[in-house]
Amino acid sequence: MRTSIRRSTQAAGRLAGGRRLVPLSVAAEVFCVSVKTIRRRIADGTVTGYRIGRLIRVDLDEMHESFAVPVPNARGRAAERN
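Mapping to numbering that gives the first Met the number 0: the sequence shown position 34 is 33, numbers consecutive.
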């Protein structure tokens with residue numbers, strides 16, 4: 000399964016704006032959530048969905064910014080990113 004994710008993300012490449020657009024199913028596998036969760040995030044405006052013909056795609060980098068939230072440590076501060 001992981002090989003198919005890698006191939007799909009590599010096949011997506013980068014578009015003119017530096018976006019990596021992938022199908023909702025691939026994004027759901029990458030972030031271990033359901034396609035329904037991603038559709039809800041698109042509906043509430045947290046994530047931008049891009050329609051290409053009849054297909055809906057999301058930007059993996061934008062999904063990472065939206066889904067990856069720093070968790071505060073015991074002192075109440077977010078962990079430093081490297």
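In this text, a Cβ means the ideal position worked out from N, Cα and C, and glycines have one as well.
For residue i and residue j, I'd like the C-alpha separation in whole angstroms.
i, j, result
"P22", "V57", "7 Å"
"A67", "I37", "14 Å"
"R39", "G48", "11 Å"
"L20", "I41", "14 Å"
"S24", "I51", "15 Å"
"L18", "P71", "Contrary to the premise, residue 18 reads as Arg rather than Leu in this sequence. Using only the alpha carbons, I get a separation of about 29 Å."
At what residues does the alpha helix (DSSP H) containing residue i begin and finish?
i, result
"V57", "Element bounds for V57: not the alpha helix (DSSP H) but the beta strand (DSSP E), 54-58."
"V34", "34-43"
Write down the C-beta distance between residue i and residue j rounded to the nearest angstrom, noting that I regard them as a contact closer than 8 Å.
i, j, result
"A120", "L54", "This structure cannot settle anything about residue 120, because the visible part of the chain is limited to 0 through 81."
"V34", "S65", "No, V34 and S65 are not in contact; Cβ-Cβ is about 15 Å, not under 8 Å."
With a CB to CB cut of under 6 Å and the five nearest residues on each side skipped, what residues in its chain are close to residue i?
i, result
"R74", "none"
"D43", "none"
Just to confirm the assignment, what range does the beta strand (DSSP E) spanning residue i have?
i, result
"R50", "48-51"
"V68", "V68 -> no beta strand (DSSP E), and no H or E assigned at all."
Can you check DSSP and say which residues form a bridge with residue i?
i, result
"V21", "V57"
Among the residues of its own chain, which have a CB less than 7 Å from the CB of residue i, if the five just before and after it don't count?
i, result
"F30", "M62, F66"
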